[in-house]
Every structure is written in C-alpha cells, then in structure tokens.
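What follows is a set of notes on a single structure, which appears directly below.
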Ligand code: COA
C-alpha cells in the first residue's frame with residue numbers, strides 16, 4: 020500500500036486520487052496495486068455506486084514510472100501489478116468518472132478510454148508516446164481508440180504520439196466535457212452524484228449493454244502486454260528510456 024494513492028468515500032462515490040505530485044503522478048507498481056484493490060473493494064461494496072479517478076493540480080498522470088520500465092528493460096522483474104490493474108479496469112462493474120487536469124501521458128490517457136465520463140481542463144494535453152519509446156499501445160487502447168477516434172484519429176494518438184488538447188479530445192469523442200481548472204472537481208463530483216442517484220441495477224444493465232462483451236478487450240490487453248514486455252527489452256526502448264533518465268543529468 021502507498022500514500023501516493025488516496026482512496027476516500029463521499030457518500031456513494033469512491034474517489035481514487037493519484038497523489039505523487041513531485042513525479043507528476045508517474046505510476047509505480049505499488050500505486051497500481053492500491054488502485055486495483057480500491058476498484059475491487061468499491062465494486063464489492065453495495066454502498067459504492069461510482070468510482071472517480073482524480074490527480075493533482077496540473078498532473079493527472081505522466082504514465083507508468085519510467086524507472087520501473089527501466090528495471091524490466093535491463094532484465095529485472097516487472098511483477099503483476101500493472102496487469103492486475105488493467106484487468107480490474109477492463110472488468111470493473113460500476114461506472115467510472117475521471118477528472119483530468121494538465122499532464123495525461125501514457126496510461127494517464129488510456130485509462131480514460133475505460134471511463135464512462137471524463138472531464139478535462141483547457142490546459143490538459145492527452146499524449147501516448149508509446150512508439151517513440153519503442154513500445155506499443157497498452158490497456159486495450161489499440162482496440163478502444165480506433166472504435167472511439169476512428170482509424171486515423173487513433174493512429175494520430177497511438178502511432179504518431181500527437182498531443183490531443185482537451186478541445187480536440189472532446190471533438191474526437193475521447194472525453195465528455197471541457198471545464199475550467201477551478202471547476203473540475205465540482206463537475207466530476209456532480210456527475211458522479213447524478214450517477215449515484217440512478218437505479219443501480221438498471222444502470223448496470225445499460226452500461227453492460229453499451230460496453231458489450233469484455234472478452235475481446237481482455238484478449239487484446241493480453242496480446243498488447245506480450246508485445247509490450249518484449250518491446251521493453253528491445254534496443255529501441257532501452258535507448259529511449261536511457262535518454263529520459265539522462266535528460267535531467269544533461270540539463
Ligand atoms: N516516470 C518517472 N518519472 C517521471 C515520469 C515518468 N513517467 N514523468 C515525470 N517524471 C519525473 C521527472 O523525472 C522529474 O523528476 P525529478 O524532478 O526527480 O527530475 C519529475 O517527474 C518532474 O518531471 P519534469 O519532466 O521535470 O516535468 P515537466 O512538467 O517538465 O514534464 C512530462 C512533464 C510528463 C511531460 C515529462 O516528465 C515526461 O515526458 N515524462 C515522461 C512521460 C512518459 O513517457 N511516460 C510513459 C508513457 S508510456
């Protein structure tokens with residue numbers, strides 16, 4: 020368990036807050052584990068009707084901790100925490116609302132493909148530099164992004180690694196609403212309250228119908244993960260990760 024993830028309840032709303040501001044909410048194995056446990060516990064508790072993901076001012080998440088990637092790239096053990104989190108996300112039973120302010124890189128972007136409503140601020144940029152890091156899309160994004168953004172939008176996001184401003188993300192269907200920074204958390208909690216007030220069984224059936232079978236999603240996450248693990252050990256990935264690690268020293 021880690022205090023880099025804060026889990027709290029506000030009535031029927033479970034808030035999962037990424038809270039590692041000094042690293043722009045880069046996600047460690049411990050943080051994934053805490054988030055997986057929170058999703059499981061919230062799903063199992065009838066008092067919880069909706070999950071909320073939040074970050075800190077200016078940073079939703081800078082993605083997976085690149086130092087953790089470097090461990091795997093250099094032959095170390097990666098653990099199952101990321102996999103467990105992706106499975107929890109793919110299979111979550113209750114709606115998820117996210118509030119994104121500022122940095123949303125890698126899984127900081129792809130997590131939103133699993134959310135039912137995402138609010139973002141004007142200064143938010145969504146970016147997935149997987150290919151530039153010598154890696155491949157994860158979290159089912161290779162399946163979900165083409166469905167949501169179309170083939171070319173998905174290629175711009177996942178292939179080119181283009182940044183999507185909040186406005187562009189909204190126009191592309193990646194997010195639900197753009198709000199002012201100071202209004203973000205209130206908007207998220209208001210939406211979550213609306214969800215929490217719905218008849219939960221009807222809402223669950225409606226959500227399941229809209230999402231369809233999870234089998235293809237789970238299978239795709241499996242295929243992506245195999246490629247991802249392989250790619251982490253590639254020369255391309257090692258070079259990109261080393262460049263990031265050396266960046267600060269050089270600067
Ligand atoms: N993993 C580990 N550390 C990270 C990180 C990540 N994904 N993202 C940021 N950090 C760390 C930086 O190393 C820095 O640490 P330091 O102060 O100890 O040197 C700190 O967080 C602040 O980051 P910084 O780069 O100074 O902030 P910025 O506002 O100039 O830039 C980013 C923010 C997110 C654009 C930039 O840090 C970045 O590109 N990070 C890598 C993102 C990434 O590739 N994620 C993986 C996607 S699969």
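In the numbering used here, the protein residues as written are 20 to 270.
A virtual CB, placed ideally from N, CA and C, is assigned to each residue, including glycine.
| query | result |
| --- | --- |
| Quick one: using the 10 Å Cβ neighbour count with 16 as the cut-off for buried, is residue 45 buried or exposed? | buried |
| What does the alpha-carbon distance come out to for the pair residue 233 and residue 116? | 19 Å |
| How far does the alpha helix (DSSP H) with residue 117 in it extend, from its first residue to its last? | Counting along the chain, residue 117 falls outside any alpha helix (DSSP H), though it belongs to the beta strand (DSSP E) covering 115-119. |
| Does ligand 1 have even one heavy atom less than 7 Å from the beta-carbon of residue 122? | yes |
| Quick one: what's got a C-beta closer than 7 Å to residue 98's C-beta in the same chain, skipping five residues either side? | 48 |
| Is residue 226 helix, strand or coil by DSSP? | helix |
| Rounded to whole angstroms, what's the CA-CA distance from residue 149 to residue 248? Just pull it up for me. | 13 Å |
| Per DSSP, residue 75 is paired with what? | 78 |
| Would you say residue 250 and residue 155 are within 8 Å of each other, going by their C-beta atoms? | yes |
| Since residue 214 is in the alpha helix (DSSP H), which residue starts that stretch and which ends it? | 203-215 |
| Assign residue 1 to one of three DSSP states: helix, strand, or coil. | Nothing can be reported for residue 1, as the shown portion of the chain is limited to 20 through 270. |
| Confirm the yes/no value for this check: CB of residue 179, any heavy atom of ligand 1, distance under 7 Å. | no |
| Taking only the alpha-carbon atoms, compute the straight-line gap between residue 263 and residue 136 and give it to the nearest angstrom. | 32 Å |
| Check whether the Cβ of residue 227 lies closer than 7 Å to any heavy atom of ligand 1, and answer yes or no. | no |
| Just the Cα atoms here: how many angstroms apart are residue 108 and residue 159? | 10 Å |
| Taking Cβ to Cβ, would you say residue 144 is nearer than 8 Å to residue 80? | no |
| Give the straight-line distance between the Cα atoms of residue 163 and residue 112, rounded to the nearest whole angstrom. | 18 Å |
| State the Cα-Cα distance for the pair residue 211 and residue 187, rounded to the nearest angstrom. | 24 Å |
| What are the residues that DSSP puts in a beta bridge with residue 36? | 25, 73 |
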